[in-house]
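Let me begin by presenting the structure, written as structure tokens, before commenting on it.
Residue numbers (the numbering used here): 51 to 397.
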């Protein structure tokens, strides 16, 4: 039986999260904490589809949000601001019932599923992304020996020699430092930044519950780089990275920060660091992740009836290059005001 759960029904969300935690393909982007962050920041209409057996046990679930554009038809996205979030089911039949129901009940809407779909003829695959997995070992040095030496190892040693220190800071001040650097980094790359409210909600719903943490790179009294990570079962998810452009070449803080993450994750018993999605037409970022010894895997997205939305656009396309080129040169006051609004439309 198909039904919808409520995001603020505590008993339903307890059952939802228990299923996600025990499913072999569950991710932090399926958890109710992450779904609350998106809803409370952007007020997108949530849909939490659940398929239950005759004994009322959950046999499958699928989270999505309805995004209404200014001049376009509604889009159903699973899940905005996530590298992937796909149906979690016990078998193909349950998945097909969920996906077919979604099409039948949402006539006139575009549907986007970020991640694998077993086999459904209604949805069209779009294969422009790949993910990267770094396998860990209880002994960090065994992971370290696979790092590319000319760039990574040299940069790690340089940062250490320069006196860069890595600390974990999950306090409001840690969020302040991360957000400040995140705005600098996003503008440097020509893309809008999430609102401060979004990161405050991550702090409220994930950091406070031990589902996420922040690492800072410090040089003397200055915070010069920061990253935010999610934790789920035995995997660390590298979600956000930010840094001060003035220190990137002279102090190379990002390399030391990632090495600290690897060492910390190994010693705490994690098996994998997921380095997130990368567009296949982004050779620079692909090479960077390869240098850490990470292994690529296919990350197809599925659409109905056609590919639609920012995630379906090639980063090498003319429109993408024009947008990023303009954004880099906008005044900060415009970036601060327009960025969060634009992010909502690009979700």
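The C-beta atom is built at its ideal place from N, Cα and C for all residues, glycine as well. Please read all numbers here as calculations on a predicted model, not as lab measurements.
{"Query": "Over the uninterrupted alpha helix (DSSP H) stretch that includes residue 194, give me the two end residues.", "Result": "190-194"}
{"Query": "Residue 161 and residue 110: beta carbons closer than 7 angstroms?", "Result": "no"}
{"Query": "Residue 95 to residue 78, Cα distance in whole Å?", "Result": "20 angstroms"}
{"Query": "Tell me the residue span of the alpha helix (DSSP H) that contains residue 254.", "Result": "246-255"}
{"Query": "Report the residue from 112, 154, 328, 353 whose alpha carbon sits nearest the alpha carbon of residue 346.", "Result": "328"}
{"Query": "How is residue 56 classed by DSSP in three states: helix, strand or coil?", "Result": "coil"}
{"Query": "Can you list, in chain order, the residues of its chain whose CB lies under 7 angstroms from that of residue 400, leaving out five sequence neighbours each side?", "Result": "Residue 400 lies beyond the range of the chain shown here (51 to 397); nothing can be said about it."}
{"Query": "Going straight from the alpha carbon of residue 191 to that of residue 314, what length do you get?", "Result": "12 angstroms"}
{"Query": "Could you tell me if residue 181 is buried or exposed, where buried requires 16 or more neighbouring beta carbons within 10 angstroms of its beta carbon?", "Result": "buried"}
{"Query": "What does the alpha-carbon distance come out to for the pair residue 303 and residue 210?", "Result": "9 angstroms"}
{"Query": "Give the DSSP-derived three-state secondary structure of residue 278 in the structure shown.", "Result": "strand"}
{"Query": "Tell me whether residue 292 is buried or exposed, calling it buried when 16 or more other Cβ atoms sit within 10 Å of its Cβ.", "Result": "buried"}
{"Query": "Residue 88 and residue 252: beta carbons closer than 7 angstroms?", "Result": "no"}
{"Query": "Threshold first: 3 residues or longer. Then list the beta strand (DSSP E) segments lying entirely within the segment 89-125, N to C.", "Result": "95-102, 108-117"}
{"Query": "Look up residue 269 in the DSSP assignment and give the residues it is bridged to.", "Result": "272"}
{"Query": "Looking at the unbroken alpha helix (DSSP H) that takes in residue 148, where does it start and where does it end?", "Result": "142-155"}
{"Query": "Where does residue 260 land, buried or exposed, given buried means 16+ other C-beta within 10 angstroms?", "Result": "exposed"}
{"Query": "Three-state secondary structure (DSSP) at residue 386?", "Result": "helix"}
{"Query": "From residue 310 to residue 187, what does the alpha carbon distance come to, in whole angstroms?", "Result": "14 angstroms"}
{"Query": "Measuring alpha carbon to alpha carbon, tell me which of 153, 124, 51 ends up nearest residue 428.", "Result": "This structure cannot settle anything about residue 428, because the visible part of the chain is limited to 51 through 397."}
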